[in-house]
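Written below as structure tokens is the structure these notes are about.
Number of protein chains: 4
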Amino acid sequence: MLKARDQKEKNLRKQLILDSAEVVLERRGLHKLSISAVAKEAKLAQGTLYLYFSKKEDIIAQLTIRSRQKLLALFHQAIEKTEDPLEQLRNILQANFKFYNKYRLYYELVNFYKVNAEENEPPELKQTSRNISALVASVLDRAKTQGLIRPSINVAEFTYIAWAMCNGMVQMVDLSGPQITSELNKPTEDFYTTYVNFVIEGIRAH
Amino acid sequence: MLKARDQKEKNLRKQLILDSAEVVLERRGLHKLSISAVAKEAKLAQGTLYLYFSKKEDIIAQLTIRSRQKLLALFHQAIEKTEDPLEQLRNILQANFKFYNKYRLYYELVNFYKVNAEENEPPELKQTSRNISALVASVLDRAKTQGLIRPSINVAEFTYIAWAMCNGMVQMVDLSGPQITSELNKPTEDFYTTYVNFVIEGIRAH
Amino acid sequence: MLKARDQKEKNLRKQLILDSAEVVLERRGLHKLSISAVAKEAKLAQGTLYLYFSKKEDIIAQLTIRSRQKLLALFHQAIEKTEDPLEQLRNILQANFKFYNKYRLYYELVNFYKVNAEENEPPELKQTSRNISALVASVLDRAKTQGLIRPSINVAEFTYIAWAMCNGMVQMVDLSGPQITSELNKPTEDFYTTYVNFVIEGIRAH
Amino acid sequence: MLKARDQKEKNLRKQLILDSAEVVLERRGLHKLSISAVAKEAKLAQGTLYLYFSKKEDIIAQLTIRSRQKLLALFHQAIEKTEDPLEQLRNILQANFKFYNKYRLYYELVNFYKVNAEENEPPELKQTSRNISALVASVLDRAKTQGLIRPSINVAEFTYIAWAMCNGMVQMVDLSGPQITSELNKPTEDFYTTYVNFVIEGIRAH
DNA sequence: TATGAATGAGCGTTCATTCAT
DNA sequence: CATGAATGAACGCTCATTCAT
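Residue numbers (our numbering), protein chains in the order written: chain A, 319 to 524; chain B, 319 to 524; chain C, 319 to 524; chain D, 319 to 524.
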């Protein structure tokens, strides 16, 4: 059964490439993520990358998956801190911002597929999104079951909405952080917290 | 006074180029908006474009200004339909989505300067943003004065938050519209409306 | 005889254009001397320039003529200061450096025709060179007649040589001035003076 | 140790490109040395050149280094022909002209960095210049030690001056060779020799 | 005579992808 | 499996020159 071993090796190589791509992404941003930069970082030949990924887009797709997995892990941590579903949600929303702070340039991945790719998101990528959604939805479900949020709230729908709003907030901070800080006279963390409070209070049952 | 006429002609040409740039933007998206594509669309030589715009960025800046002006106009219309500030806000949020539906790819312009440009947004561009913010803020101000929204709401801050959330929503619809439609079994308009309701109810005074 | 008047007007325009070209040359150097820059400086349309000069090269040729005329004037001044032909020559050589100091970027014109132009120097341009040569030669002639310089010196030949060496010196100073200053620990003026002394002593009769 | 072989191959390619650049330089001059012309000459794609040189300036720098090395080699040969330092200097000056005759358009490289480049000469390039200067200076030093040249002569300074004058002479011949030939009724070689004699006699001790 | 808009070839440079080894 | 040299199209931009008005 050499096959399995080969598969494993192949997978290791893939991970090495993705690790390198991540380094480049974190250091220079998505628009400087060129194949040659990744290859150099991985100490591989450019051509070698094409043995593991058929297109540059594939690498970015996998990178996106990774970033979602990281986010998912943060969300899991966020949930573990408390039993209260509503507080869990709050922690999740805050974790989203912490994620941005930790991996500044990752948020660029959010829009990549629509903006730059010829095709739609590959299924594997969609799945990771769904995993995140499922987690958030489960928290919301519990909150709903416990009567903590308004009954009128459609969990699936609100999950999308929350996700969308969070992305918008992160981009806003990234785009206009300094302006916001100076105009509102508060750090972006507080600005984001206002948003979080708005969301939590907006769904809380009376 | 030939000068005035010349100015007008020159301006017309500028508009022609921007029209062409818009066509390219709407058809292919911002990342395919190359000078050569715009020139071809305008049936002009590439060099000619540089008689009217000193850099590609200038074209994009003007395009952004145009789009913000369109949006501002839609917001004004939205306000005129009712006297109730809260309903005005609702209309504004809805107008944002109508804008997206009408000019699909324009939302890509939102992030351009942060992501691609070397410099910050030019002043003219900032001004158009400020005009929009000011309009929204004025509606919120009135709502607050009339006791329609919670006193705890900081108008300037909430204007940013609303703007951020709206952008996030539009991007979400653009990115995952079909998926949302099929999963929630409702058109994206309704999905967006849920978001609008959430915002309005979230700030409404009890 | 309107013709003469027209000619005069035409000539005035030509001078205006050349004045402007000179301004651009002095300000930005030869490689930034574009037709559009000259036209802007002259407050004329670009096309207008082509009514007076058939090619950009023509403008540069005329500019070169002007610079030689300026140099010739400086040489005349240099001669007037003394009766001694050898001192006159010294003054001429020094005047060459003063010319460089005054019109820094003009020295770029020296090589233009060989380096950039398709054709050889036009006759008019050659004539101005000859005028300078003639002046220097006349000084050398008198020096020779008075027995101040070695009889073996061929005046025409040495005129060329002196001219060549001077150009080389100016270019060297322009190219490596700071390096020379620091390495020799003396200002470039003194460096140049050493050269002048070398030339004068080299031809002086014993 | 495949690496060494690869390095060698890479170096060969570099040399091929430089050879092609040289062909273009010799045929059309420095101002027509475009990347596309060099690529065409080398029968390579334009992009390929950038695998070996990061900027056009790099190619020109290497070309300059090559030309200086050639010149240095000629100078070394010139020195070996005799033991007399003054005759060595004479040979060096003559070698400078032979170099020009052999590589007509190379002298254009002398001014490149000052006139066209954004940056200063790269260190490697400066070193080659220094090597040449050092050689000439060593010859002059020996001449001075042996009392063959005037004690008043500052070796470092005169090295610069000689270098400058030589450049001026070559440019003069290149610019006005035919005119000189016809006017003086002698070949440019003889014209140049007169210059050389002038320099040698000018520094010779009495 | 004068305009200045328009041209279009040219520039240096980047980069995803291919393919002979 | 791995290489990395090579490609070639595309990019944004400049500018001398032309020409309809």
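Glycine is no exception: its CB is placed at the ideal position from the N, C-alpha and C atoms.
Give the DSSP-derived three-state secondary structure of residue i in the structure shown.
i: Ile471 (chain B); result: coil
i: Met319 (chain D); result: The pLDDT assigned to Met319 (chain D) is 40, lower than 50, so where the model puts this residue is not dependable, and the model offers no usable value.
i: Lys444 (chain C); result: helix
i: Gly486 (chain D); result: helix
i: Asp376 (chain B); result: helix
i: Asp402 (chain D); result: coil
i: Pro505 (chain B); result: coil
i: Ala363 (chain A); result: coil
i: Leu334 (chain D); result: helix
i: Glu436 (chain C); result: coil
i: Phe415 (chain B); result: helix
i: Ser451 (chain A); result: helix
i: Phe371 (chain B); result: coil
i: Leu381 (chain C); result: helix
i: Leu351 (chain D); result: coil
i: Tyr478 (chain C); result: helix
i: Tyr431 (chain C); result: helix
i: Tyr424 (chain C); result: helix
Please report the straight-line C-alpha distance between residue i and residue j, rounded to a whole angstrom.
i: Gln445 (chain D); j: Glu439 (chain C); result: 36 Å
i: Ile479 (chain C); j: Leu427 (chain C); result: 19 Å
i: Pro469 (chain C); j: Gln489 (chain D); result: 27 Å
i: Arg345 (chain A); j: Leu336 (chain A); result: 14 Å
i: Gly347 (chain A); j: Leu389 (chain B); result: 30 Å
i: Asn434 (chain A); j: Ala357 (chain C); result: 43 Å
i: Lys385 (chain A); j: Leu443 (chain A); result: First, the amino acid is wrong: residue 385 (chain A) is Ser here, not Lys. Spanning the two alpha carbons is a distance of roughly 11 Å.
i: Met319 (chain A); j: Lys326 (chain A); result: For Met319 (chain A), the pLDDT reaches just 48, beneath the cut-off of 50, and the residue's location in the model is therefore unreliable, although a value from the coordinates is still provided. Spanning the two alpha carbons is a distance of roughly 12 Å.
i: Ala429 (chain A); j: Thr382 (chain D); result: What sits at residue 429 (chain A) in the sequence shown is Asn, not Ala. Taking the straight line joining both Cα atoms gives about 48 Å.
i: Lys361 (chain A); j: Glu340 (chain A); result: 14 Å
i: Ser372 (chain C); j: Phe509 (chain D); result: 36 Å
i: Asp402 (chain C); j: Arg422 (chain D); result: 40 Å
i: Ile353 (chain B); j: Trp481 (chain A); result: 35 Å
i: Ser338 (chain D); j: Leu367 (chain D); result: 11 Å
i: Lys416 (chain C); j: Lys504 (chain D); result: 33 Å
Residue i versus chain C: which residues are under 7 Å apart at the beta carbon?
i: Glu437 (chain D); result: None at all; the shortest Cβ gap to chain C is about 14 Å.
Would a C-beta distance cut-off of 9 Å place residue i and residue j closer than the cut-off?
i: Leu458 (chain D); j: Arg522 (chain D); result: no
i: Val342 (chain B); j: Ala355 (chain B); result: yes
i: Met483 (chain A); j: Gly495 (chain B); result: no
i: Glu519 (chain B); j: Thr512 (chain A); result: no
i: Gln412 (chain B); j: Ala396 (chain B); result: yes
i: Leu369 (chain D); j: Asn472 (chain C); result: no
i: Lys399 (chain A); j: Asn414 (chain A); result: no
i: Ala461 (chain C); j: Leu407 (chain C); result: yes
i: Glu375 (chain D); j: Glu437 (chain D); result: yes
i: Leu493 (chain D); j: Tyr425 (chain C); result: no
i: Tyr418 (chain D); j: Val491 (chain D); result: yes
i: Leu351 (chain A); j: Ile378 (chain A); result: yes
Quick one: which chain D residues come within Cβ less than 8 Å of residue i?
i: Glu519 (chain C); result: Gly520
Identify the contact partners of residue i in chain D, using a Cβ-Cβ distance below 7 Å as the criterion.
i: Val457 (chain C); result: In chain order: nothing, as chain D lies at least about 17 Å away.
Applying a beta-carbon distance threshold of less than 8 Å, which residues of chain A neighbour residue i?
i: Ile498 (chain B); result: Tyr478
i: Thr446 (chain B); result: Within 8 Å Cβ-Cβ: nothing; Thr446 (chain B) doesn't reach chain A, min ~14 Å.
According to DSSP, residue i sits in a beta bridge with which residue or residues?
i: Arg522 (chain C); result: C:Ile467
Could you list which residues in chain B have their beta carbon closer than 8 Å to that of residue i, in chain order?
i: Asn414 (chain A); result: Under the 8 Å cutoff, chain B gives no residues; its nearest Cβ is about 11 Å from Asn414 (chain A).
i: Phe509 (chain A); result: Glu475, Tyr478 and Ile479
i: Asn434 (chain A); result: His349
What in chain B is Cβ-close to residue i, meaning under 7 Å?
i: Ala474 (chain A); result: Glu501 and Leu502
i: Phe516 (chain A); result: Ile479 and Gly520
i: Thr512 (chain A); result: Glu475 and Ile479
Whose Cβ in chain D lies nearer than 9 Å to the Cβ of residue i?
i: Asn429 (chain C); result: Glu426, Asn429, Gln489, Asp492 and Leu493
Which chain C residues sit within Cβ distance under 9 Å of residue i?
i: His394 (chain D); result: What His394 (chain D) touches in chain C: nothing, since even the nearest Cβ is about 23 Å away.
What do you reckon, is the C-beta of residue i under 8 Å from a heavy atom of the ligand NAD?
i: Val341 (chain C); result: Summarising the ligand content, the structure contains no ligands, and the ligand NAD is consequently not present.
Who are the neighbours of residue i on chain A, taking C-beta pairs under 9 Å?
i: Asn329 (chain B); result: Going along chain A, no residue has its Cβ under 9 Å from Asn329 (chain B), so there is no contact; the nearest lies around 30 Å.
i: Tyr368 (chain B); result: Per Cβ cutoff of 9 Å: no residues; Tyr368 (chain B) is ~24 Å from chain A at best.
By the criterion of Cβ-Cβ separation under 9 Å, what are the contact partners of residue i in chain B?
i: Ala379 (chain A); result: Going along chain B, no residue has its Cβ under 9 Å from Ala379 (chain A), so there is no contact; the nearest lies around 14 Å.
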